[in-house]
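Report on one structure; see the data block that follows.
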Amino acid sequence: MTGLSSSTNAERAASVLLVLGEAGSEGLALKDIAGRMGEQKPAVHRTLMALAKHGFVEQSQNRGNYRLGPSIYALACRQNTAAEKVRKWRPALMALAERLGHCIYLMERAGTDAVVLDMQMGTAPIQALTNGVGGRLPMGLGPGSASILAMQDAGTRDFILKANIDRFVQRNVDLDMVHRMVGRAVETGYGLDLGEIIPGCGGIAVPIRERGGGTTTAISTAMPLSFLSPENIELVLREIRAVIAAG
């Protein structure tokens, strides 16, 4: 097998897992998986069979549909950096959700994406950018990923934003808005969404600086835009920064 074909197979397997991760317990039919990936069905079927052999994919009770298998859950429950971060920061997220009354998220960079490692619900209803733990966003979209991206060097920021252009377009996201949000986070050191993505909804995020100097994680909030007065923005920033400093 050539290096190129090996790389292509790995990319296809990763894409299959990401597509199924969005599908839920009902899973998806082969034609739907292939359609979402823009791939031919025979190639996708071979990838599904290879993943199923190791338990990463299984067929649902709706015969013919595929969904994530138990090996995904088993790997997620093993000791790893992400699990350690969730264990470390969950008490802080719970405390913030109780004090502020809004949804609190632990966001982590995953390549050109940001994923929700953990979340705690507040009492205030809000429309969010993601569908909970495991949700993914292209880096640069939303205050959490913008705050993480702002902490990377300029070359990395440009590379990620260019890599995600097609995905922003697919979501009907204004590219200028993304650049403004990231640029604002670079200047201020925190992410802020003033209803620029979902009308009437906003959010604030503070990146978590790691001991080695890098930043791949942030604590983020989602809240009604009406709450985001200058005074409340400062209040939320103080609360998040306090739990990060205590961590």
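The sequence shown begins at 1 in the UniProt record's numbering and counts up one residue at a time.
Using N, Cα and C, we set each Cβ at its ideal position, and we do this for glycine too.
Nearest-angstrom Cα distance between residue 39 and residue 171?
Within the sequence shown, residue 39 is the residue found at index 39, counting from 1. Within the sequence shown, residue 171 is the residue found at index 171, counting from 1. Approximately 20 Å between the Cα atoms of the pair.
Does the distance from the C-beta atom of residue 75 to that of residue 20 stay below 8 Å?
Residue mapping note: residue 75 aligns to position 75 of the sequence shown, counting from 1. Residue mapping note: residue 20 aligns to position 20 of the sequence shown, counting from 1. No, the pair does not count as a contact, with Cβ atoms beyond the cut-off.
Of the listed residues 43, 103 and 17, nearest to residue 66 (C-alpha basis):
Numbered from 1 along the sequence shown, position 66 holds the residue referred to as residue 66. Looking at the Cα atoms, 17 is the closest of the given residues.
Residue 14 versus residue 8 - alpha carbon distance:
As a first step, residue 14 is located in the sequence shown; it is residue number 14 there, counting from the start. As a first step, residue 8 is located in the sequence shown; it is residue number 8 there, counting from the start. Here the alpha carbon of residue 14 sits roughly 10 Å from the alpha carbon of residue 8.
With 16 as the cutoff for other CB atoms within 10 Å, does residue 245 come out buried or exposed?
Here residue 245 refers to the residue found at position 245 when the sequence shown is read from its first residue. So residue 245 ends up on the exposed side.
Near residue 193, which residues of its chain fall below 6 Å by C-beta distance, leaving aside the five closest residues on each side in sequence?
Here residue 193 is taken as the residue at index 193 of the sequence shown, counted from 1. Within the same chain, residue 193 has close Cβ partners 143, 202 and 203.
Taking the runs of the alpha helix (DSSP H) that are 4 residues or longer, which of them lie wholly in the region 121-190?
The alpha helix (DSSP H) runs lying completely inside the region 121-190 and spanning 4 residues or more are 143-150, 154-163, 165-170 and 175-188, given in chain order.
What's the C-alpha gap between residue 149 and residue 110?
Here residue 149 refers to the residue found at position 149 of the sequence shown. Here residue 110 refers to the residue found at position 110 of the sequence shown. Each residue's Cα considered, the two are about 11 Å apart.
I need the boundaries of the alpha helix (DSSP H) containing residue 35, first residue and last residue.
Locating residue 35 in the sequence shown gives position 35, where the first residue counts as 1. Per DSSP, residue 35 belongs to the alpha helix (DSSP H) from 30-37.
How about residue 96 and residue 243: do their beta carbons lie closer than 8 Å?
In the sequence shown, residue 96 corresponds to position 96, counting from 1. In the sequence shown, residue 243 corresponds to position 243, counting from 1. Residue 243 is positioned such that its CB atom lies closer than 8 Å to that of residue 96.
Quick one: give me the first and last residue of the beta strand (DSSP E) that residue 221 is part of.
For the purposes of this step, residue 221 is identified with residue 221 of the sequence shown, where counting begins at 1. Annotation for residue 221: the continuous beta strand (DSSP E) segment containing it runs 217-224.
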